[in-house]
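Here's the structure we're looking at; comments come further down.
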Amino acid sequence: MRLCASTGKTIALRQVLPDAQVVGATEVSLTRCRCHPRDVRPGDLFVVLHPPGARRDAALQQALTRGCAAVLADHPLEGLPVPVIYVRNAREAFGRISHAMADYPARKLHVIGVTGAYGKTTTACLLTRVLVEAGFNTGMLTTLGYFEGEESAFPRETTPPADELALSLARMVNNHCTHAVVEVTGKAIREQYLAGMELDVAVLVNTDVQAKARHPNSYFRVLEWLKPEGVAVVNADDPGCRGWLSGLAHPALTVGLQMPAEIKGYEISRQLGEEIFYLMAGGETFPVRTRMFGRHHILSCLAAAAVGLVYQIPLEVIVKALESVDQIPGRLQPVLAGQPFSVFVDAAETAEAVRATLTTIRPLVSGRLICVAHPPRRGQGDMAGWGQTLEEFADLIVLTLPGVGEGHTNLLAAGARYLRDRHRAMLLPDRTEAIGWALTQAQPEDCVLLLGNGHRLWKATRDGELIVDDYRFVRQWLQQEYPA
14 MRLCASTGKT IALRQVLPDA QVVGATEVSL TRCRCHPRDV RPGDLFVVLH
64 PPGARRDAAL QQALTRGCAA VLADHPLEGL PVPVIYVRNA REAFGRISHA
114 MADYPARKLH VIGVTGAYGK TTTACLLTRV LVEAGFNTGM LTTLGYFEGE
164 ESAFPRETTP PADELALSLA RMVNNHCTHA VVEVTGKAIR EQYLAGMELD
214 VAVLVNTDVQ AKARHPNSYF RVLEWLKPEG VAVVNADDPG CRGWLSGLAH
264 PALTVGLQMP AEIKGYEISR QLGEEIFYLM AGGETFPVRT RMFGRHHILS
314 CLAAAAVGLV YQIPLEVIVK ALESVDQIPG RLQPVLAGQP FSVFVDAAET
364 AEAVRATLTT IRPLVSGRLI CVAHPPRRGQ GDMAGWGQTL EEFADLIVLT
414 LPGVGEGHTN LLAAGARYLR DRHRAMLLPD RTEAIGWALT QAQPEDCVLL
464 LGNGHRLWKA TRDGELIVDD YRFVRQWLQQ EYPA
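The opening residue of the sequence shown carries number 14 in my numbering; numbering runs sequentially from there.
Quick look at the structure:
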């Protein structure tokens, strides 16, 4: 059985999966490798990732109908009209085949993976800016979008699955990129999206107590894809990350504000729209002034600086890059339209992410803090912590849904149950109404904080004809209320 690489080369299946067992015809050439049946074309290899059951059977039938030439699985299949390749781990095999058919693009790039409970996107964006400032042609795959050296695309997933990831990295190679920054979600780690490739550097931004309870050690599994000589960048201030340092088999660089670390930060001053801190590494100290602010932002800056130092980028270049990033969409993003109060849009949704944002902004607000939020969409495991955090910091809470017609009012009711002081809470399912009401309540010195959606698009009308994000909706509303 042969794999036809994107370069035109033919690769024997045994070279990629030496332990695979093939049942059926072996003289088959496979043109592509796909895990979603909707993407299958004649001649493709279809990889079965669903466990036995109705969904698996439906996916198999769709893939066969669309003309797949062979099927790969890690559990028995019977009665198929095409050859079946049996492996021990289908996800691992899927990654290895995908990268082989793309001619191993990760081997031609310096790939940096950034993972953690929150702050991944900000860290990835800062790191990309550092690499670009140093003159490296850099691709980036994050929840904000994919940039492959020349082309940009809006992502279906933050981290693309193994087949799409391999092809995206291959396009970066074709576009003469030397480095790639990949935001790696917990799902991507659990489902082995990085299988078949290796990382130069793995950045562990932080951990999440709730995520750890559901998926122990999930973020640390990113180290499975780190090259033997690869470097781990670890947040020493995070207890979960710190606990793993002694067991690391790779060289590590630590960053921190409070705990001992190789790359240290020391906060000088913070206000809404500005952070000044010292960055200290290797006996050098540089002041850094950024428009983005907060302890978690400083830690993201330190992590980006650590990776820059791995690639021997001078600290003065790193600092210049960090200071040049004024804002990142949906990450404590200010909305300025001449209004007498402040407005910020932030993507924080889980209890720990919301706490990080609120502990940053609450001390800087002399008036009331008005929060517009929707209950966490990733299940209700941390709903109690989410509600307690909002009540601890916010003066007024406006509960709503992620978009008009999105979600169910049951979600809203579930969130409301975890708010003990109903006098400080307003339930408005319609997001446009909720945001508008919150803005009308704001007085000078107040701050309106929109939590959860960040940069995500949502429907502003029930017919779906008007699609906006929080920043654009708020800006348009304010411009109408406060014309220049």
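Note that beta-carbon positions come from the ideal geometry of N, C-alpha and C, so glycine has one too.
Alpha-carbon spacing of residue i relative to residue j, whole angstroms
| i | j | result |
| --- | --- | --- |
| residue 243 | residue 398 | 36 Å |
| residue 442 | residue 412 | 7 Å |
| residue 46 | residue 81 | 9 Å |
| residue 315 | residue 140 | 10 Å |
| residue 472 | residue 387 | 15 Å |
| residue 229 | residue 235 | Unreliable positioning characterises residue 229 in this predicted model, as indicated by a pLDDT of 47, which lies under 50. The coordinate reading is nonetheless provided below. Computed Cα separation, rounded: 13 Å. |
| residue 451 | residue 487 | 11 Å |
| residue 213 | residue 125 | 6 Å |
| residue 337 | residue 148 | 15 Å |
| residue 293 | residue 359 | 28 Å |
| residue 34 | residue 165 | 39 Å |
| residue 393 | residue 414 | Model confidence at residue 393 stands at a pLDDT of 49, short of 50, so the residue's coordinates are unreliable; what they give is reported in the following sentence. Going by the C-alpha atoms only, they are around 15 Å apart. |
| residue 79 | residue 90 | 18 Å |
| residue 445 | residue 172 | 30 Å |
| residue 167 | residue 159 | 6 Å |
| residue 248 | residue 319 | 11 Å |
| residue 329 | residue 145 | 14 Å |
| residue 27 | residue 38 | 15 Å |
| residue 71 | residue 84 | 14 Å |
| residue 365 | residue 256 | 19 Å |
| residue 465 | residue 313 | 20 Å |
Closest residue to residue i among the options (Cα-Cα distance)
| i | options | result |
| --- | --- | --- |
| residue 484 | 400, 385, 53, 437 | 385 |
| residue 116 | 466, 460, 22, 310 | 22 |
| residue 4 | 456, 295, 330 | Within the shown structure, residues of the chain are numbered from 14 to 497, placing residue 4 beyond reach of any answer. |
| residue 429 | 449, 417, 404 | 404 |
| residue 174 | 408, 155, 190 | 155 |
| residue 463 | 478, 410, 231, 253 | 410 |
| residue 381 | 113, 29, 353, 401 | 353 |
| residue 109 | 208, 435, 241 | 208 |
| residue 301 | 307, 309, 289, 312 | 289 |
| residue 369 | 106, 97, 402 | 402 |
| residue 55 | 64, 70, 408, 75 | 75 |
| residue 24 | 32, 366, 42, 38 | 42 |
| residue 416 | 192, 97, 251, 474 | 474 |
| residue 268 | 246, 151, 287 | 246 |
Residue i, buried or exposed, once every other Cβ within 10 Å from all chains shown has been counted against 16
| i | result |
| --- | --- |
| residue 357 | buried |
| residue 344 | buried |
| residue 133 | buried |
| residue 226 | Reliability of the predicted coordinates at residue 226 is poor, the pLDDT of 47 falling under 50, and no value is obtained from them. |
| residue 224 | Because the pLDDT of residue 224 is 49, which lies under 50, any placement of that residue in the model is unreliable, and the number read from its coordinates should be weighed accordingly. That one is buried. |
| residue 498 | Given that the chain is displayed from residue 14 to residue 497, the structure contains no residue 498 and the question cannot be resolved. |
| residue 351 | exposed |
| residue 10 | Look at the range of the chain in this structure, 14 to 497, and you will see that residue 10 is not part of it. |
| residue 232 | buried |
| residue 497 | exposed |
| residue 92 | exposed |
| residue 203 | exposed |
| residue 448 | buried |
| residue 273 | exposed |
| residue 355 | buried |
| residue 495 | exposed |
| residue 14 | buried |
| residue 424 | buried |
Check whether residue i and residue j have beta carbons under 8 Å apart
| i | j | result |
| --- | --- | --- |
| residue 157 | residue 342 | yes |
| residue 491 | residue 482 | no |
| residue 187 | residue 129 | no |
| residue 542 | residue 389 | Not covered by the structure: residue 542. The range shown for the chain is 14 to 497. |
| residue 178 | residue 206 | yes |
| residue 299 | residue 373 | no |
| residue 106 | residue 112 | no |
| residue 30 | residue 114 | no |
| residue 217 | residue 254 | yes |
| residue 317 | residue 136 | yes |
Below-8 Å beta-carbon distance, residue i vs any chain D residue
| i | result |
| --- | --- |
| residue 251 | In the structure shown, chain D does not exist; there is a single protein chain. |
| said: Between the region 281–293 and the region 243–260, can you find at least three pairs of beta-carbon atoms closer than 8 Å? | reply: Touching, no.
Evaluate the contact criterion for the region 189–197 versus the region 94–103: three or more CB pairs, one atom per stretch, below 8 Å. With contact defined as three or more Cβ pairs closer than 8 Å, the region 189–197 and the region 94–103 are not in contact.
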